[in-house]
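Colleague: Structure in structure tokens, see below.
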Amino acid sequence: MNRHLRIRAALSAAGAVFLAFSSTALAQQDPVARGDYLVNGILNCGNCHTPRDATGNFVPGMDLAGGFRIDELPAFDAYAKNITPDVDTGIGSWSVEEIITSIREGHTPEGEKIGPPMPIFFYTNMSDEDASAVAAYLKSIPAVRNEVPESTYNIPIPDYPPATHALAPSPSDQVAYGGYLAMLGHCFECHTPRNPDGSPDMTRMGSGGFGFAGAPSGATIYSANITPDPATGVGNWTDDELRRAITEGIGHDGQPLFPLMPAGFFKNVTEDDISAVIAYLRTLPAVVNEVERNDWRPGT
Ligand code: HEC
Ligand code: HEC
């Protein structure tokens with residue numbers, strides 16, 4: 053049994069007690085366990101912050117130690133930072149409050165702006181409880197010494213709105229809670245076409261077609277249209293097919309999806325939380341956008 057399954061089991065065993073405390077239930081959970089669940093699940097921070105080897109696999113022992121390079125030249129050449137508690141090369145000297153501000157408002161304790169593709173835009177509404185849980189978890193993980201190069205930006209780094217301090221919707225409101233989780237999972241950072249200034253074009257949210265370089269074959273990989281359009285999106289996929297794509301990384305045709313899609317993290321998300329994300333996806337405005345199919349196959 054892995055760590056995440058154990059958390060899930062602990063939750064359901066305690067479920068009856070939590071119900072008695074109604075919507076404050078999540079607050080009763082140990083913040084480090086909640087942070088672990090979020091960071092290694094829906095938030096998939098490690099999809100950028102854990103370095104990979106030449107074959108695309110995560111380097112063992114380097115969880116969240118940074119150094120993964122993501123460039124969108126000429127706009128920027130970014131290195132995801134070391135967010136382990138190492139004092140010299142990570143964020144070990146940052147307070148919980150400073151970590152929370154960096155994630156939701158996009159600046160460091162020294163006042164330097166944090167640039168893309170760190171998806172600050174999608175973290176603005178992260179609840180105080182969840183943001184505190186994430187910070188508590190980041191403080192609890194092993195410190196890894198890893199000096200990360202500076203990022204270069206040839207575009208202005210956006211100013212992000214202040215954190216809203218909104219409460220997370222209650223999980224009993226499935227669509228609203230699913231929307232909250234989809235924002236934390238920054239599905240639309242990858243699945244939304246861009247404006248000329250590089251920001252996601254939210255009038256076409258979820259309609260895919262944003263390209264990523266990085267397949268070993270050199271091919272560009274395009275994100276899929278995940279709006280409910282039946283012809284060009286996922287409108288006629290069943291819930292089970294969507295669940296399989298999100299948590300197992302397997303497409304409609306039974307073939308593996310390019311692993312940039314963070315299914316390896318989403319597999320740690322509870323069934324109820326994935327159901328909420330799916331319920332929310334079904335409510336998105338359908339956008340007609342035919343995305344070129346990726347013919348990527350493992351090892352190519
Ligand atoms: C899509 C990729 C991506 C994801 C996902 C991502 N980050 Fe980042 N993050 C980055 C990049 C790139 C930087 C460096 C930006 C820069 O150099 O200005 C960064 C910077 C940071 C910093 C600032 C560190 C420093 O020393 O300046 C923190 C803290 C951070 N991320 C935390 C997180 C957490 C927590 C999560 C998950 C909730 C997360 N990030 C998810 C790409 C990502
Ligand atoms: C880091 C970028 C990234 C993030 C974050 C991301 N995806 Fe994806 N996703 C992709 C890419 C790229 C593909 C296409 C992969 C391929 O075709 O092999 C994809 C494919 C999919 C598919 C399969 C659709 C199809 O037509 O094949 C679904 C469904 C999906 N994503 C849902 C989600 C949901 C829901 C979230 C958030 C909870 C999410 N994705 C987050 C990049 C991402």
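In the numbering used here, the protein residues as written are 53 to 352.
For glycine and all other residues, C-beta sits at the position ideal for the given N, C-alpha and C.
Going by the beta-carbon positions, is the gap between I330 and L233 smaller than 7 Å?
Modeller: No, they are not a contact pair.
Colleague: Run the proximity test for L312: is its beta-carbon closer than 6 Å to any non-hydrogen atom belonging to ligand 2?
Modeller: yes
Colleague: State yes or no: is the C-beta of T136 within less than 7 Å of the C-beta of R156?
Modeller: no
Colleague: Which one of T322, C239 and W348 has the shortest CA to CA distance from N99?
Modeller: Closest option to N99, Cα to Cα, is C239.
Colleague: If distances are taken between C-alpha atoms only, which option among V139, G258 and A338 comes closest to P280?
Modeller: A338
Colleague: How about M170: is its Cβ closer than 6 Å to a heavy atom in ligand 1?
Modeller: At a cut-off of 6 Å, the beta-carbon of M170 counts as near ligand 1: some heavy atom of the ligand is closer than that.
Colleague: Using the DSSP secondary-structure output, state which residues sit across from H159 in a beta bridge.
Modeller: K165
Colleague: Looking at the unbroken beta strand (DSSP E) that takes in E124, where does it start and where does it end?
Modeller: R121 to E124
Colleague: Measure the C-alpha to C-alpha separation of P161 and S145 and round it to an integer number of angstroms.
Modeller: Taking the straight line joining both Cα atoms gives about 10 Å.
Colleague: Any chance you could list the alpha helix (DSSP H) runs of at least 4 consecutive residues sitting entirely within the segment 164 to 214, in chain order?
Modeller: 180 to 192
Colleague: A297 bridges to which residues according to DSSP?
Modeller: In DSSP, A297 forms no bridge with anything.
Colleague: I'd like the list of long-range same chain contacts for P169, defined as Cβ closer than 6 Å, with 5 residues on each side in sequence excluded.
Modeller: I122
Colleague: Considering F317, what are the terminal residues of the alpha helix (DSSP H) in which it resides?
Modeller: A315 to F318
Colleague: Determine the extent of the alpha helix (DSSP H) in which D88 is found, giving its start and end residues.
Modeller: P83 to V91
Colleague: Which residues in the same chain as P83 place their Cβ atom closer than 7 Å to its Cβ, once the five residues preceding and following it in sequence are excluded?
Modeller: S184, A185 and A188
Colleague: Kindly give me the distance between the Cβ atoms of F318 and I298, rounded to whole angstroms, as I take these residues to be in contact under 8 Å.
Modeller: 5 Å
Colleague: Any heavy atom of ligand 1 within a distance shorter than 6 Å of the CB on I135?
Modeller: I135: yes, Cβ under 6 Å from ligand 1.
Colleague: Beta-carbon separation of V200 and G118 under 7 Å?
Modeller: yes
Colleague: Helix, strand or coil: how does DSSP classify I273 here?
Modeller: DSSP places I273 in the strand class (E or B) of the three-state scheme.
Colleague: Under the three-state reduction of DSSP, which class applies to D324: helix, strand or coil?
Modeller: helix
Colleague: For the beta strand (DSSP E) holding F128, just list the boundary residues, first then last.
Modeller: F128 to Y131 is the extent of the beta strand (DSSP E) around F128.
Colleague: Might you give, ordered along the chain, the residues of its own chain that have their beta carbon closer than 8 Å to the beta carbon of E203, omitting 5 neighbours on each side?
Modeller: This sequence places Ser at residue 203; Glu is not what is there. F128, D129, A130, Y131 and G167.
Colleague: Please check the pair A220 and S179, which I expect to be a contact at CB under 8 Å, by giving their CB distance rounded to whole angstroms.
Modeller: 4 Å
Colleague: What are the boundary residues of the alpha helix (DSSP H) that G98 is part of?
Modeller: Its alpha helix (DSSP H) spans residues G98 to H101.
Colleague: Is the closest heavy atom of ligand 1 to the C-beta of G306 under 6 Å?
Modeller: no
Colleague: What residue ranges within the segment 214 to 282 form continuous beta strand (DSSP E) runs of no fewer than 3 residues, ordered along the chain?
Modeller: none
Colleague: In whole angstroms, give me the CA-to-CA distance for T216 and S269.
Modeller: Rounded to whole angstroms, the separation of the alpha carbons of S269 and T216 is 42 Å.
Colleague: Please report how far the alpha carbon of K191 lies from the alpha carbon of V91, in whole angstroms.
Modeller: Distance between the alpha carbons of K191 and V91 is about 12 Å.
Colleague: Going by C-alpha to C-alpha distance, which of R256, R246, T255 and S251 sits closest to F262?
Modeller: R246
Colleague: Less than 7 Å between the beta carbons of V286 and I278, yes or no?
Modeller: yes
Colleague: T102 and D115: beta carbons closer than 7 Å?
Modeller: yes
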